[in-house]
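Q:
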Amino acid sequence: MSGNSASMMGYARSSSARGGGVHLDTVTIALVLALTLLGLVMVTSASVSISAKETGQPFFYLERQLLLTLIGAACAALLFTVPTAVLERLSLPLLAVAIGLLLLVLVPGIGHVVNGSRRWLHLAGMNFQVSELARVLVLIYIASYAVRREQQLRETFGGLAKPLGLLCCVAALLLVEPDFGAATVLFATGFGLLFLAGARLRYVAAMMAIALGVFALLAISSSYRVRRLKVFLDPWSDPFNSGFQLTQSLIAIGRGQWLGVGLGESVQKLFYLPEAHTDFLFAVLAEELGLAGVVLTLGLFLALVWRSFHIARLAADAGLKFAASLAAGFGLWVGIQAFINIGVNMGVLPTKGLTLPLMSYGRSSLIVALAWVGILLRVYHEAMREQRGPATVRGGA
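Heads up: the sequence shown runs through residues 2 to 398, numbered per the working numbering.
#1: For His382, which residues of its own chain have a beta-carbon under 6 Å away from its beta-carbon, when the five flanking residues on both sides are left out?
#2: If the criterion is Cβ atoms closer than 7 Å, does the pair Leu297 and Ser361 meet it?
#3: Sort Leu154, Leu230, Ala316, Gly112 by Cα distance to Arg389 and report the nearest one.
#4: Quick check on Asn346: buried or exposed, where buried means 16 or more other Cβ atoms within 10 Å of its Cβ?
#5: How would you write the range of the alpha helix (DSSP H) that Arg120 sits in, first residue to last?
#6: Below 8 Å on the Cβ atoms is my contact criterion, and I expect His311 with Ala47 to pass it. Report the Cβ-Cβ distance as a whole number of Å.
#7: I'd like the span of the alpha helix (DSSP H) that includes Phe241, first residue to last.
#8: Can you list, in chain order, the residues of its chain with a C-beta nearer than 8 Å to that of Ser16? Leave out the 5 residues immediately preceding and following it.
#9: In three-state DSSP terms, what is Gln58?
#10: Using a Cβ-Cβ cut-off of 8 Å (strictly less than) and excluding sequence neighbours within five positions of Val1, which residues of its own chain qualify?
#11: With respect to the beta strand (DSSP E) encompassing Met385, which residues constitute its N-terminal and C-terminal limits?
#12: Can you tell me which of the three DSSP states Pro351 falls into?
#13: Check each candidate in Leu138, Arg120, Phe129 and name the one with the smallest Cα separation from Phe181.
#14: Starting from Val115, trace the beta strand (DSSP E) in both directions and tell me its first and last residue.
#15: For the alpha helix (DSSP H) holding Gln130, just list the boundary residues, first then last.
#16: Return helix, strand or coil for Pro109, following the three-state DSSP convention.
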């Protein structure tokens with residue numbers, strides 16, 4: 002019996018190998034897990050006072066963030082099972098869904114208004130920010146376009162102008178909400194993705210100059226954006242009104258010094274710094290963990306961006322151009338949004354309503370970010386399967 006059992010187990014293993022195994026990138030999983038866990042710790046610390054005041058439960062936001070993390074992880078697991086070829090075939094319908102969502106949220110009575118912005122749909126007892134999902138769906142289409150129209154993109158100005166025109170239209174819908182930050186991240190990520198796909202440098206430079214001019218005009222076309230720019234240039238001119246948020250953020254970062262004031266010991270989160278657990282989580286982190294915590298956080302984000310581009314290179318070497326574009330798009334998005342959020346917290350960039358990816362308390366942003374990680378892991382799986390064959394791999398270098 003033991004010999005027969007051993008033979009059957011050996012046959013099962015060989016059959017499994019021939020059928021294909023699962024290639025998991027433990028480096029990406031470790032980096033995402035580290036950022037998510039660090040975010041959970043900091044969200045708890047930054048929100049405990051406001052949570053106790055608003056709900057009577059000090060760990061209300063922690064519990065919600067844990068639930069959102071589990072939902073996001075489930076979405077990542079689901080998307081890991083979807084071949085990238087399916088996403089490529091569905092890229093046009095997904096684009097239609099993205100535009101439909103951005104139009105739907107503008108309909109009075111359907112789109113939910115918070116703080117003067119109509120960005121949310123009320124679904125299953127929670128507000129879902131449609132721009133988070135729409136940006137990913139649009140970028141999937143841009144990645145598909147870069148593969149289908151590779152020659153046009155490399156050789157003609159029109160090959161670059163067409164997808165940029167699409168990005169402008171989607172950005173316009175985001176600006177109507179208004180969501181200037183989401184429009185900026187989408188345009189920059191899409192632009193970067195097209196450049197990596199092979200668009201000529203002179204065309205990219207020309208379009209970049211035009212885009213910067215348009216965004217500059219948009220920035221000064223609205224009175225509230227002009228006020229934000231003035232506050233950004235000199236927040237100390239009105240530290241108790243328009244400059245309050247930024248000055249409190251700078252005070253928090255300055256108090257952190259080398260090693261921070263200690264976890265949970267932030268003063269600025271005690272109703273001084275608005276949005277401490279969302280947009281300005283980085284400032285609380287800098288105050289409590291100091292320069293050491295800042296360097297650790299930046300290192301984790303840089304490592305995740307590098308890993309995404311490494312996976313993109315593996316996919317490109319395996320001949321999976323669309324998958325490579327998806328991985329590169331994730332890396333660009335993480336790097337650009339983290340850079341903008343941290344720049345805003347440090348007073349380097351004007352204030353934007355953007356979360357710190359994978360860390361800030363943000364319901365739809367966290368779920369969508371983790372779901373996109375599932376696509377990134379799928380790209381790695383497919384690249385390793387092409388390069389190494391069907392043998393199961395539990396991790397990768």
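Glycine included, every Cβ here is placed at the ideal spot set by N, Cα and C.
A: Let's see:
#1: Excluding sequence neighbours, His382 sits near His24.
#2: Between Leu297 and Ser361, the C-beta gap is not smaller than 7 Å, which leaves the two residues out of contact.
#3: Cα-wise, what sits closest to Arg389 is Ala316.
#4: By the neighbour-count rule (16 or more Cβ atoms within 10 Å), Asn346 is buried.
#5: Annotation for Arg120: no alpha helix (DSSP H) segment contains it, though the beta strand (DSSP E) segment containing it runs 118-124.
#6: Between the beta-carbon of His311 and that of Ala47 there is about 32 Å, and that puts the pair past the 8 Å contact cut.
#7: Phe241 -> no alpha helix (DSSP H), and no H or E assigned at all.
#8: Any answer about Ser16 is weak, because its pLDDT of 35 lies below 50 and its placement is not dependable; what the coordinates show is given next. Around Ser16: no qualifying Cβ.
#9: DSSP, reduced to helix, strand and coil, places Gln58 outside both helices and strands of the structure shown, so it counts as coil.
#10: Here the chain comprises residues numbered 2 to 398, so residue 1 is not present and cannot be evaluated.
#11: Taken as a continuous stretch (DSSP letters only), Met385 belongs to no beta strand (DSSP E), being part of the alpha helix (DSSP H) at 364-389.
#12: DSSP, read as helix, strand or coil, puts Pro351 in coil.
#13: Comparing Cα-Cα distances from Phe181 to each of Leu138, Arg120, Phe129, the minimum goes to Arg120.
#14: 112-115 is the span of the beta strand (DSSP E), which, as asked, contains Val115.
#15: Premise fails: Gln130 lies in the beta strand (DSSP E), 127-130, not in any alpha helix (DSSP H).
#16: Strand at Pro109.
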